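Residue numbers (our numbering): 2 to 367.
Backbone N, C-alpha and C define an ideal beta-carbon position, used for all residues, glycine too.
Remember, it's a predicted structure, so these values are computed and weren't measured experimentally.
Here is the structure:
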């Protein structure tokens with residue numbers, strides 16, 4: 002897997018061994034997100050913790066006061082009479098969280114807290130700024146609303162409008178929602194060489210249409226980051242090995258109503274379509290057709306083996322000519338038979354080609 006520097010971090014919105022299986026399910030995500038940006042791991046950890054608390058709301062009474070989580074494992078700026086209390090197993094969901102200021106790391110397993118004094122909302126934000134922590138990534142949990150709300154501030158509480166509303170319920174993640182996220186990732190990080198961060202270019206020689214040999218790994222990493230940010234109570238697993246082979250991405254979630262249970266929402270098989278390899282070797286049309294065909298079969302096999310609810314083949318087309326969804330024409334019957342969804346995104350080799358395509362489309366609509 003390719004590591005991407007902090008320059009490339011996404012912004013999506015303004016932001017059977019029974020005992021072993023049970024343990025793995027409860028701790029899902031502890032290692033699956035190890036190469037993702039720190040604030041993305043932090044958001045996922047807090048969201049999963051809040052999900053556990055809310056799923057047992059009848060048993061875990063919470064005070065009707067907000068809680069603030071900071072990506073700051075070592076408390077700073079506190080007065081000597083505000084010594085934080087340590088909670089070694091915060092992630093088990095048994096400790097009340099509301100009405101407290103929490104100091105946690107990227108992996109929200111343990112934490113430290115101080116009690117928040119009664120204050121209005123502005124007072125809470127001023128408190129964090131006064132501690133010198135207003136630029137630290139933060140999650141605000143508000144149990145006062147009819148449905149408890151969660152807000153993620155990736156740049157800290159000082160940046161009030163850079164806020165993402167987060168869902169921590171157990172709703173089913175649909176393919177439509179997944180595609181919406183991929184659309185955003187595609188627009189922000191993939192669509193042109195300029196959109197692609199310096200540390201993660203999909204092209205070896207974009208003027209020659211030579212795709213990078215790391216293109217698949219980069220696409221996978223960008224999607225993992227985007228999907229993890231969009232669905233923080235889920236774990237987006239990658240490169241899971243099974244009998245049929247090694248899958249690209251799987252979106253799964255703990256089922257709080259079943260002891261040790263998981264809901265596997267979807268399996269995503271990713272394919273990059275090329276006209277030329279990284280050394281300029283031409284990729285034949287027959288090889289591309291076979292590549293897409295294998296993707297449909299892989300997606301179906303991985304879904305069935307993992308017991309996922311849905312499977313999709315996602316193609317990122319880096320060829321000299323965009324054919325749109327026509328790249329699936331030869332596999333539509335197969336995909337329908339195997340219940341595999343199909344979706345394609347085009348990656349332009351130059352911004353000039355992108356401008357030409359978008360302006361031509363606009364003219365044709367008039």
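Judged by DSSP secondary structure, residue 313 falls within the beta strand (DSSP E) whose first and last residues are 312-319. Taking a C-beta distance under 8 Å as the contact criterion, residue 346 and residue 187 qualify as a contact pair.
Exposure of residue 172 is indicated by the presence of fewer than 16 other C-beta atoms within 10 angstroms of its C-beta. Using a Cβ distance threshold of 8 Å, residue 47 and residue 140 count as a contacting pair. According to DSSP, residue 166 shares a beta bridge with 152. Sequence-distant Cβ neighbours of residue 307 in its own chain, meaning closer than 8 Å and more than five residues away, are 241, 243, 248, 251, 265, 268. When the Cα atoms are used, residue 116 and residue 68 turn out to be separated by approximately 9 Å. In the DSSP assignment, residue 204 forms a beta bridge with 212. The stretch 281-290 makes no contact with the stretch 226-241, as fewer than three CB pairs between them are under 8 Å. By alpha-carbon distance to residue 320, the top candidate from 76, 285, 130, 147 is 285.
Closest by C-alpha distance to residue 352, out of 142, 131, 88, 207, is 207. The Cβ atoms of residue 72 and residue 107 sit closer than 8 Å to each other.
If you look at residue 251, you'll find it in the beta strand (DSSP E) that goes 250-256. For residue 272, the enclosing beta strand (DSSP E) has its first and last residue at 262-275. Beta bridge pairing from DSSP links residue 239 with 250. Taking a cut-off of 8 Å for Cβ pairs, the stretch 122-131 and the stretch 153-166 touch, as three or more such pairs fall below it.
Burial check for residue 40: the Cβ neighbour count within 10 Å reaches 16 or more, so the residue is buried.
Taking a 10 Å sphere around the C-beta of residue 226, we find 16 or more other C-beta atoms and assign the residue as buried. Going by DSSP, residue 126 is part of the alpha helix (DSSP H) stretching over 122-131. Apart from sequence neighbours up to five positions away, the residues of its chain that approach residue 192 with a beta-carbon distance below 7 Å are 348, 349, 355, ordered along the chain. For residue 310, the closest C-alpha among the options 224, 254, 100, 94 is that of 254.
Here residue 272 is buried. Its C-beta has 16 or more other C-beta atoms within 10 Å. Inter-residue distance for residue 276 and residue 111 is about 49 Å (C-alpha atoms, whole angstroms). Its Cα nearest to that of residue 166, the residue 143 stands out among 344, 143, 198.
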